[in-house]
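Report on the structure given below.
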Amino acid sequence: MKQVYPTFTYLLVLFVLLVTAGALVEAQKCKPSGKVKGKKPPKNEFSRRVEMGGGQSECDGRYHDDDTPVVALSTGWFSNKKRCHHHITINGNGRSVKALVVDHCDSTMGCDDEHGYQPPCANNIVDASKAVWKALGVNEKNKEWGWMDITWSDA
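The sequence shown runs -27 to -1, 1 to 128 under mature numbering (1 follows the signal peptide of the UniProt record, and there is no 0).
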């Protein structure tokens, strides 16, 4: 007589392992190692997306008004504050705008009180104020508001 139970048991165990592995991969979003390094941007031409959060800036400890064109760069691009108070030119939506670097979007840490329980930023993010979005001609009701492919360079 052929036994069906061991085969069924093995399949059940395999299924549980696959589901668990999938859940663990999803859960890793909020388990930053602190060891992720930003991508090295190409010389004078960088790309990615723009959006801006809130909070005190890393460069001067101040809050910046939404009407001021300011940005936060991913950890690697922020380069240990080397870009603080430098301007970058952002190109997107057929327009360009000059913005001041005032902060970084942490690509190495997150999911704690200091980071508003948000996961780490991707290592190719330009986080921009509303003034930048408006200068790029993106309407707040547009689906691209807060998340759009752009290019940028040091001004």
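Glycine residues also receive a C-beta, built at the ideal position from the N, C-alpha and C atoms.
Residue i vs residue j beta-carbon contact at 8 angstroms
i      : j      : result
Ala101 : Ala128 : no
Asn96  : Gly49  : yes
Ile63  : Cys78  : no
Cys57  : Ser80  : no
Lys55  : Cys32  : no
Leu109 : Val70  : yes
The alpha helix (DSSP H) enclosing residue i, as first and last residue numbers
i     : result
Trp48 : Note that residue 48 is Thr in the sequence shown here, rather than Trp. Run containing Thr48: Thr48 to Phe51, per the alpha helix (DSSP H) assignment.
Three-way DSSP call (helix, strand, coil) for residue i in this model
i      : result
Asp100 : strand
Val111 : coil
Met25  : Here Met25 scores only 47 on pLDDT, less than 50, and its place in the model is too uncertain to base an answer on.
Span of the beta strand (DSSP E) around residue i
i      : result
Thr62  : His60 to Gly65
Leu73  : Arg68 to Cys78
Ser126 : Asp122 to Asp127
Do the stretch 35 to 48 and the stretch 101 to 112 meet, that is, are 3 or more Cβ pairs less than 8 angstroms apart?
-> The stretch 35 to 48 makes contact with the stretch 101 to 112; the number of CB pairs closer than 8 angstroms reaches 3 or more.
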